[in-house]
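Position 996 of the sequence shown, counted from 1, bears residue number 983 in my numbering, the numbering being contiguous throughout.
First the structure, in the form of structure tokens, and then the observations on it.
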Amino acid sequence: MEAAGPSEAKSGKQKIQPGTTTTDAGDRDTPKDEVISEEGEEEGEEEDDNEEDDEDDVEDEEPRLKYAPITPVLGPLYRNKDATSTFMTAGNKMIVGTHNGNIHVYSVPFFQHLRVYHAHSASIDSISISPFPPPAPTKVDFAPIIQSGGSGASVSESPNGSKPQPVTIPPTPSNSIYIATSSMDGNVCVASLVDPKDVTLRNFGRPVSAVALSPEYKSDRTYVSGGKSGNLVLTVGGRVGASSNATLGSASPTGWFGSLGLGGNNGKDRVLHNGEGAISCIKWSRSGKYVAWVNEEGIKIMRSHLHLEQTEAEHAWERFGHTDRPRSQMWDEMAGVWKPRVVWIDEDSLERENASVVQVDDASTRSQRLGNHGPEKLLVGWGGTIWIIKVSRGDQSAGLGKRRIASAEITTKLRTDCIISGVSLYTQNLLLVLSYIIPDDDDPGTPSKQAGPARGIRRRQNGLQPELRLIDIDTEEELSGDILSVRNYENLSASDYHLDTLPLSRIASTTHRGALESITAGLIDATLYPKRLFSSGTSSRSMGSSADKGSGFQVTGTVDSSGLLHGGKYNKEIEIAATAGVRVFIHSPYDCILAVKRGFEDRLAWLDSRERYEEAWELLKQNPDAFNVASGEGEESPPGTPTPSAPGQPGLSLLDNSSIQTTSHSGNTKLEQEKRRIGELWLKQLVGHGEWEKAGNICTRVLRTTAAWDHWICVFARNGKFDEITPHVPIDIEPPLPSFVYEVILGHYVSRDRVRFNELIELWPPNLFETDSVTAAIQDQLLLTDEGTEDWRNLLNCLAKLFLVGGHYREALRCYIKLQDGDAVMSLIREYHLLDSVSEDVPGFILLRVPKNRIKTAPTTELEEATSEPIKLLVREAANGIVRPETVVTQLQEADLGLFLYFYLRALWRGDFVSKEGGRPAIRARGHHRTEAEAGKLVADEGRIMIDGFADTVIELFANYDRPLLMEFLQSSTSYSYDTACSICERRTFTPELIYLLSKTGQTKRALQLILSSLNDISHAISFAKSQDDPDLWDDLLSYSMDKPEYIRALLTEASTAIDPIKLVKRIPSGLEIEGLREGLTRMIRDHDIQASISLGVAKVLAGEVAIRMDALRKGQRQGMKFDVCHDEDSAGEDVVDGQDKDAHPDTNGETIDEKQKRTSKDVTPGRCAGCKKPFVEQETETIVVFACGHIYHISHLHGPSTPEEQDTPQGQDPASPRLHYQPSSIQSSALSRTVGLKVTNARLLRDKIGDGCRICADSLKDTAQQ
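Structure representation (structure tokens):
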């Protein structure tokens, strides 16, 4: 393994003692010595100054972790003067070994004492469990917690012969683990947690310092151990329930039967490695593939027998990695003394930014991890050096001779100024280091030697308190260091301290849908934000002891047999142990300390204690859901803490949802209460420091109630700080503030700052204060203020606004007129129809926004913009009949304001009197219109009608100011005098307008002469001649153009078919040279050819259409018409109601709805006469006439009977009908019926009788024509 380059960890921050459970830095007995740099020592005075500065920094820096002593919770552990020698945490268990050889198993986070047994006769050096990590707990694991009495605990048992006592640990997956311990007595004990009989004890004859169980010990019964002998021993098997000796040379077999191989299943031992000094630590990787151990020469890694493929079987127990320890005299002496700390990193269990998000690590994910070939990381802390080693699978593609089963590489190497008593990876880039501080001594070499146990008769120096440090791996900077107070630390060495971490994910992953889900507001969730930490400063201290006081834990009360504390005394410790995120456990022989990441409430309490209220407020603002966790009713009972059931009861209803009150409303209420409290403190702090402006700014943020606003506004007002609080006074708070609050502020500004007073009147709704009292105050101030000044204008403006609020519109209008506020005047007049108030002075109204000195000098565009709104308003009222145009025109003419009269008349002509608000025509259009465009056109037409009486004036003004509009007016209006218009246009030489007027008066020749003489535009002249279509006009044009070649060429190219080309060519003088004559003639001839071709084509198309229609007509005339006759004599005599058949549906395609209704009312039933409405019979004696429209008549009923007698006249004796030569087929000879003469005679008689055709269709056409 290659080293990544050692470097010293740089201390970036001073050490901070952890809150209430540790003493402050200045209170400890033995001060921490400064680290001496390589450049030399500094002067004592400078060190003192630096220490003072560092102490100031310490006070301002918040600790990263909070601590809680759990020594009292682990009461049975320290009975009989026993002390902790080692421990480990895994899953939801904490397993502790003592110097008396006892093993204690606790559940986490409730610290229930699950089991204790005596395994060894000497100190326990190491603990290992299998599987590691154990499966996540389930709902059943909480059953012992809710049992009553002592049924939930196990009692002491001994594998060395003492009779075990019965236990009640349920055999859940999380409890089905094996615990292996090694001891100085040379024994390795492997015991099942749930089965007291499943225990194996093996004697190796030499002290065993380390043991590591196979992750699959339950099936392979394999573990690795090592100790003072220097042998790394692999043990497989062993007799359950009995003690056996190792099968190595150092330990003889059991009896002479064992020497003969007849000793039974005593297990097999195999030495995997030896010869490099004592082995002090062995760790099996989390995947089970690798085993790492540390001896006096360095760090070793080998491949285990687990998860090997068939081709890799030969590589089992093959060593592939080695890292030498540092080579120095100190390391040579202390390598066997310093205890290495080895951890296989589980990146899924590291602390994250969001502690509430935990990773689930159940059996499925663990199996996926075992099958994964990704690299694993090994963290080693030994002496003062830290290594991070990446272990990867070897290159399987290499040849057999070059293939390596795995590889190891050092990625990080750090050197510290302490002896490492524990190490763990806290986050991806933060190391958690339990540091043993080397005592200072005159001899530089002595401290390092005294870091281990005392040897010989050398004087042992007093130890210092340990520190828990956080070191950034990337920057190698020490981010924090917390001093931990423990008992008898003076007599402890680096190997007496131990550190291990436990992520909450191992508990919450599978139980959040089980037991913990049913207590949503209970223990786990509630402890994310412990309520009791708000009002205390006990968030960052491990204990309050000193060297003289001994232990700082003053425990009162007892622990019941189930491991829970009477009266909920240690609920706070349980809450902290259940905190989301990584829990850090620190053990000394006499104490146990729990450290967790500081949460929201811890930071809030720390900020509160240091009066940093602004940061506390921002913290509350950034965490709106911080209090959305249910809490208990009393301060003495923290939220969600279970209480043991009373004796005799079946159990605590821990899973009963009815006993838990969880509502987001309560959380929000607590959040608002805390925000109000912090906000009030913040305001008091700022006011006390005289920061009134900042205090006013934060009032909007922190004040939420009417009473609070009322109080603080009064505080500002009493101190005369109106400017600081007024911009922040709320105007929409519910319930509203008392009106006198606003009146006091307005009363202050009305006499001191009129500009600010005007702004407040504009900003504040008038319903907040009494307008009458404010109006009276303004009127009093107006009497004391000079007219025309800025203060006078501000006061008058405020008075006008208050008049508007009170509904006194005319008084407000008078105020605005005094102020010359055109916008306000226009708004009032338009909204409240007050134009009649200014109709007597229209010029003044129009010039409301035009200064008098600018009437003659201002640009037209500026004047137009300034007067546009008054003019539009006048136009609108003129259209509505309120202010007639005659009034406006007369007053403007008398005032000699021709330009503004032009603006007004132009607006009338264009219909420019549309309201700004709706964008619709402002006058009512008469009648109903399908589109808004038609309605707008009608409105514009009515506006043009209103200026008919001023047509000559309009022409004069349009000629002066808008010539294009003049031509539009001349072409659209007929109300003006042609003579006046002609004289105006002649006077101003408006030739196009004059030409138009002359053409309208019939003076076409004069108009043509003006075009030719004044405009010299032959194209215009040709167009004019075409539009007039006057032969004389063409003759004049030809006569004028014959001596002008360019005119002749224009006539040839542009006249086209409007003039006879022969006539034009004949009149061209002989010998006149005309440029482009050929092209002109060619174009004229081509135009005539095209015209002739088009005419011929149209004629052909028309002839074809006529022929088609004639053929259709003839075909229809020759085509027979089918109709029904009645075969039943009875039905032939039946009458039809009203002479109609309701089932008849004649063809009405192409008819309108009215026509269809009329036709339907006159239609008859098929098979009946349309005149008499009687059915036809087969033996009809009268001639029948059938029309193409479908109507059928008897010849006598074609035009209807004239008298009632004619209705009864037989069909064959109609006196009005001519006698037709039609006879029934039974009596008419075939020769007679075929004669031409008879057919011609019948056709002639029928023609006279039919006349205009079908009577019904003729009547329908007449009705349509009348409509």
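We put the CB at the ideal spot given by N, CA and C, even for glycine.
What you are looking at is a predicted structure, and each value in this text was computed from that prediction instead of being measured.
Report the rounded CA-to-CA distance for residue i versus residue j, giving the unit in angstroms.
| i | j | result |
| --- | --- | --- |
| ILE288 | VAL583 | 32 Å |
| ARG599 | LEU471 | 26 Å |
| VAL702 | LEU673 | 13 Å |
| VAL1088 | ALA1099 | 17 Å |
| ILE1049 | HIS1075 | 11 Å |
| PRO1032 | ASP1004 | 14 Å |
| TYR204 | ILE392 | 23 Å |
| ARG290 | PHE191 | 24 Å |
| SER(-2) | ASN416 | Because the pLDDT at SER(-2) is just 43, under 50, the model does not fix this residue reliably, and the value given afterwards should be weighed accordingly. Looking at the two C-alpha atoms, the distance is approximately 16 Å. |
| TYR963 | SER1043 | 37 Å |
| ARG102 | LYS68 | 19 Å |
| ARG741 | ASP589 | 50 Å |
| LEU764 | ARG801 | According to the sequence provided, residue 764 is Ala. The question's Leu does not apply to it. In a straight line, the C-alpha of ALA764 is about 19 Å away from that of ARG801. |
| ILE458 | LEU466 | 6 Å |
| THR1069 | LEU1039 | 9 Å |
| LEU259 | GLY217 | 11 Å |
| ASP335 | TYR729 | 60 Å |
| VAL1052 | LEU1020 | 17 Å |
| GLU320 | GLY213 | 20 Å |
| SER738 | ASP778 | 10 Å |
Apart from the five residues on each side of it in sequence, which residues of its chain come closer than 6 Å, Cβ to Cβ, to residue i?
| i | result |
| --- | --- |
| SER108 | GLY88 and ASP172 |
| ALA481 | ILE406, SER408, TYR423 and ALA438 |
| PRO121 | ALA77, GLY78, SER161 and ILE164 |
| ILE57 | GLU560, CYS579 and LEU581 |
| LEU668 | TYR600 |
| ASN261 | GLY217 and ASN218 |
For the beta strand (DSSP E) that contains residue i, what are its first and last residues?
| i | result |
| --- | --- |
| TRP271 | 266 to 271 |
| ARG402 | 393 to 402 |
| ASN1229 | Segment 1223 to 1237 is the alpha helix (DSSP H) holding ASN1229; no beta strand (DSSP E) there. |
| ASN89 | 89 to 94 |
| HIS1181 | 1179 to 1181 |
| PRO56 | 52 to 56 |
Identify every residue that forms a DSSP beta bridge with residue i.
| i | result |
| --- | --- |
| ASP311 | GLY285 |
| MET75 | ILE82 |
| PHE572 | ASP487 and LEU581 |
| GLY213 | ALA197 |
| GLU1092 | GLU1092 is not bridged to any residue. |
Nearest CA to the CA of residue i: which residue from the options?
| i | options | result |
| --- | --- | --- |
| PHE74 | LYS1031, THR877, VAL92 and LYS68 | VAL92 |
| THR848 | ALA1230, LYS805 and LEU886 | LEU886 |
| CYS1176 | GLU1167, ARG1231 and GLY1103 | GLY1103 |
| ARG570 | ALA592, LEU419 and SER467 | LEU419 |
| PRO717 | HIS735, ASN684 and ARG739 | ASN684 |
| SER726 | ARG743, THR758, ARG797 and LEU892 | THR758 |
| TRP318 | GLU283, ILE266 and ARG739 | GLU283 |
| GLY381 | SER1057, GLU296 and ALA613 | GLU296 |
| ASP1017 | SER1006, GLU1041 and GLN990 | GLN990 |
| GLY370 | GLY323, THR398 and THR399 | GLY323 |
| THR713 | ILE460, GLU721 and TRP696 | TRP696 |
Kindly list the residues whose CB is nearer than 7 Å to the CB of residue i, restricted to its own chain and excluding five residues on each side of it in sequence; keep chain order.
| i | result |
| --- | --- |
| SER(-6) | Residue placement at SER(-6) is poorly supported in this model, since its pLDDT is 41, which falls under 50; the coordinates still yield a value, given next. So the qualifying residues of the chain are LEU401, ARG402 and GLU463. |
| THR978 | LEU997, SER1001 and LEU1002 |
| CYS1113 | ALA1119, GLY1154, PRO1162, PHE1163 and VAL1164 |
| GLN880 | LEU888 |
Does the beta carbon of residue i sit closer than 9 Å to a beta carbon anywhere in chain B?
| i | result |
| --- | --- |
| ALA123 | No chain B appears in this structure, which consists of one protein chain only. |
Residue i: beta carbon under 8 Å from a heavy atom of the ligand MN?
| i | result |
| --- | --- |
| GLY675 | Among the components of this structure there are no ligands whatsoever, and the ligand MN is therefore not found. |
Among residues of its own chain, excluding the 5 on either side of residue i, which ones have a beta-carbon nearer than 8 Å to its beta-carbon?
| i | result |
| --- | --- |
| LEU786 | THR762, ILE765, GLN766, LEU769 and CYS802 |
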